[in-house]
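Heads up: the sequence shown runs through residues 176 to 659, numbered per this note's numbering. Since the structure comes first, as structure tokens, the remarks are kept for the end.
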Amino acid sequence: MSTALASLAAAERATFLARNPRSRALSERAAQHLLFGVPLHWMTDWGTPFALHVAQARGARLTDVDGHELSDFCLGDTGAMFGHAPAPVARALVRQAGEGYTAMLASEDAAVVGERLAERFGLPHWQFAMSATDANRFVLRWLRAASGRTKLVVFDGCYHGTVDDVFVDLVDGRPAVRASLLGQVHDLTAHTRVVPFNDLAALEAALAPGDVACVLAEPAMTNIGMVLPAPGFWAAAQALIRQHGAALVLDETHTISCGPGGYTRAHGLQPDALVLGKPVGGGVPCAVYGFSAEWAERAMRAKRAAPPGHSGIGTTLSGNLLAMAAMRATLDELMTEAVYAPMLARAGRLADGLRAVIARHGLPWCVTQLGVRAEFQFRTTPPRNGAEAAVAFDDALEHLIHLALLNRGVLITPFHNMLLVCPATTDEDVQRLLGALDEVLAWCSTDPARLAPSLDRTVVSDPSISGIPSRNVNEPPKEGGQIG
Ligand code: PMP
């Protein structure tokens, strides 16, 4: 980091320290008994000198323990995409609270939720989990059992929760277990193949041996920065996957930002299985996964053929009564076209506003919108795969921007520069964000040392990416993005 930005970062840290004495006191107290002083070690990733403590979260706003009201564009990294404590879910929880939380038995809500999911996503058979991580893990088990095949294909730079199988990256063109994993003892490359997103030739090569149980993917990558599918990518990829007898699993946990049926319905994709976690219970822990009739039949046949005993699939609280009530309320009253329409329009205004602020400061950065989600990346053109997206990372600059926004009353996701709009987000929240960002970026634009690397890192064309027609980089992507 340049000297100018380092001194700005020091000033922002000092501001944070002065503004948040109660958070600081609670952090010191928590440090006595919580590992890293936080309930989850990731909470140290915010780039704040100590953890911000929340007093209340309602709608699009958080109030911290020092009494600052923040416009929240992080929204629990999608868990609160329908707003904090949304009224329909709060009502359902209150109703269910007097009638039991968990019984290891079905309720009427379960049948209703199954019907809603089938109608929504076009897949007839569903199961439940407590997190998107578990849903992905369980789907992999089912599909390996159903297909009798062992291999998994994922896209380089993907994230599907803490599912061990997916943590294989391309390093210098070769698969390697993600170096940051802790306590992982298995050779994950033995059963996982990894290919660059948007690379049909690499996908075909990975499928060619005929031993792939499934391809697990986000329809648009969101966890290495946003990477949209190139025009025609999914049409061709689906055909290849089908031709090689593998199943396509779409993880819609983040791309549900595109609409009530996720990216899948917005773009007419036809996965064999679908996973949705985080916001499906309006912020209450739960997740769902569904199968096509064919794969459901094969999965059930595998279970019936197995010896009695543990399947390795499911947990005690999966499908509990409270989660079912929350999901029913979310599906009926929040995951609807009527709720999404104004969110999508506001996210469009947010993305346009981000572009305008970035342009005003002459920064070589791009903005990508995926429904109610938007992101700015430190490169001139949208990346086409995980490697291109990763090159644009700049942790120090991101932390500085996030901290400076926080000091100005705006919270965004700690990982890259992702923002979400919820039903309660107002134009005032959007203006607050854009005003704060304008102020923050004024520094960056006065620091040529900071700008030079982002320009250098831009990869405009890469002939090694095959099978995809090259796009005019100034054109918005056609398949994906700009849905709002
Ligand atoms: N799938 C995707 C696409 C995700 O982005 C995430 C989390 N960011 C997960 C799965 C895992 O969700 P959870 O941590 O709630 O299990």
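Glycine included, each C-beta is placed from N, C-alpha and C at the ideal position.
On the three-pair Cβ rule with 8 Å, is the stretch 418-432 touching the stretch 341-361?
No, they do not touch.
Could you spell out where the alpha helix (DSSP H) holding L268 opens and where it closes?
Taking the sequence shown and counting its residues from 1, one reaches residue 268 at position 93. 262-272 is the span of the alpha helix (DSSP H), which, as asked, contains L268.
Report yes if the C-beta of N311 is less than 7 Å from at least one heavy atom of ligand 1; otherwise report no.
Position 136 of the sequence shown, counted from the first residue, corresponds to residue 311. Checking the Cβ of N311 against ligand 1 gives yes.
Starting from E550, follow its DSSP beta bridges and name the residues at the other end.
Position 375 of the sequence shown, counting from 1, holds the residue named residue 550. Bridge partners of E550: T543, M593.
Do Y438 and N398 have their C-beta atoms within less than 8 Å of each other?
As a position in the sequence shown, residue 438 is number 263, starting the count at 1. As a position in the sequence shown, residue 398 is number 223, starting the count at 1. Not in contact: Y438 and N398 (Cβ atoms no closer than 8 Å).
What would DSSP say about E253, mapped onto helix, strand or coil?
Locating residue 253 in the sequence shown gives position 78, where the first residue counts as 1. The displayed chain sequence assigns Thr, not Glu, to residue 253. Helix at T253.
Any contact of the stretch 386-401 with the stretch 329-346, i.e. 3+ C-beta pairs under 8 Å?
Yes: the two stretches touch, three or more of their Cβ pairs being nearer than 8 Å.
Which ranges does the beta strand (DSSP E) cover as unbroken runs of at least 3 residues, wholly within the stretch 430-496, from first to last along the chain?
Correct list: 448-451, 462-466.
Work out the CA separation of A262 and V585 for me, nearest whole Å.
Numbered from its first residue, the sequence shown carries residue 585 at position 410. Numbered from its first residue, the sequence shown carries residue 262 at position 87. About 23 Å.
Here's a check: name, in chain order, each residue in its chain whose Cβ is nearer than 8 Å to the Cβ of G434, leaving out the five neighbours to either side.
Here residue 434 refers to the residue found at position 259 of the sequence shown. Cβ neighbours of G434 beyond the five flanking positions: R440, A441, E512, Y515, L519, G546, I658.
Let's test the definition: count the other Cβ atoms within 10 Å of the Cβ of D309 and tell me whether it reaches 16, buried, or not, exposed.
Along the sequence shown, one-based indexing puts residue 309 at 134. Buried, since its Cβ has 16 or more Cβ neighbours within 10 Å.
Give the C-beta separation of V596 and L525 to the nearest angstrom, bearing in mind that I take them to be a contact with Cβ-Cβ under 8 Å.
Walking along the sequence shown from the start, residue 596 turns up at place 421. Walking along the sequence shown from the start, residue 525 turns up at place 350. With 8 Å as the limit, V596 and L525 qualify as a contact, their Cβ atoms being about 6 Å apart.
Is E683 near ligand 1 - that is, is its Cβ less than 7 Å away from at least one heavy atom of it?
Outside the shown range of the chain, which is 176 to 659, sits residue 683, and nothing can be said about it.
The alpha helix (DSSP H) that contains S355, what's its start and end?
The residue given as residue 355 occupies position 180 in the sequence shown. Counting along the chain, S355 falls outside any alpha helix (DSSP H), and DSSP gives it neither H nor E.
Using DSSP with H/G/I as helix, E/B as strand and the rest coil, what is N398?
Your numbering for residue 398 matches position 223 in the sequence shown. Strand.
State yes or no: is the C-beta of A307 nearer than 7 Å to some heavy atom of ligand 2?
In the structure on display, ligand 2 does not appear, and the ligands it does have are ligand 1.
I'd like to know whether the C-beta atoms of A230 and G258 end up nearer to each other than 8 Å.
Stepping through the sequence shown from its first residue, residue 230 is reached at position 55. Stepping through the sequence shown from its first residue, residue 258 is reached at position 83. Not a contact, by the Cβ cut-off of 8 Å.
How far does the beta strand (DSSP E) with T308 in it reach, from first residue to last?
Residue numbering aside, residue 308 sits at position 133 when the sequence shown is read from its first letter. Careful: T308 lies outside any beta strand (DSSP E), inside the alpha helix (DSSP H) at 307-322.
Taking only the alpha-carbon atoms, compute the straight-line gap between P638 and W618 and give it to the nearest angstrom.
Numbered from its first residue, the sequence shown carries residue 638 at position 463. Numbered from its first residue, the sequence shown carries residue 618 at position 443. Bear in mind that the predicted position of P638 carries a pLDDT of just 29, short of 50, making it too unreliable to give a figure here.
Quick one: which unbroken alpha helix (DSSP H) runs of 4-plus residues sit fully inside the stretch 195-235? Chain order, please.
For the stretch 195-235, whole alpha helix (DSSP H) runs of length 4 or above, ordered along the chain, are 196-205.
Taking just the CA atoms, how far does A474 sit from A480?
What you label residue 480 is simply residue 305 of the sequence shown in a count that begins at 1. What you label residue 474 is simply residue 299 of the sequence shown in a count that begins at 1. Cα to Cα, A480 sits roughly 10 Å from A474.
Rounded to whole angstroms, how far is the Cβ of L594 from the Cβ of V532, which I believe are closer than 8 Å?
In the sequence shown, counting from the first residue as 1, residue 594 sits at position 419. In the sequence shown, counting from the first residue as 1, residue 532 sits at position 357. No, L594 and V532 are not in contact; Cβ-Cβ is about 12 Å, not under 8 Å.
Is G465 near ligand 1, in the sense that its beta carbon is under 7 Å from a heavy atom of that ligand?
The sequence position of residue 465 within the sequence shown is 290, counting from 1. Outside the cutoff, so no.
At the level of alpha carbons, what is the spacing between A193 and L578?
The residue labelled residue 193 in the question sits at position 18 within the sequence shown. The residue labelled residue 578 in the question sits at position 403 within the sequence shown. The straight-line gap from Cα to Cα measures roughly 13 Å.
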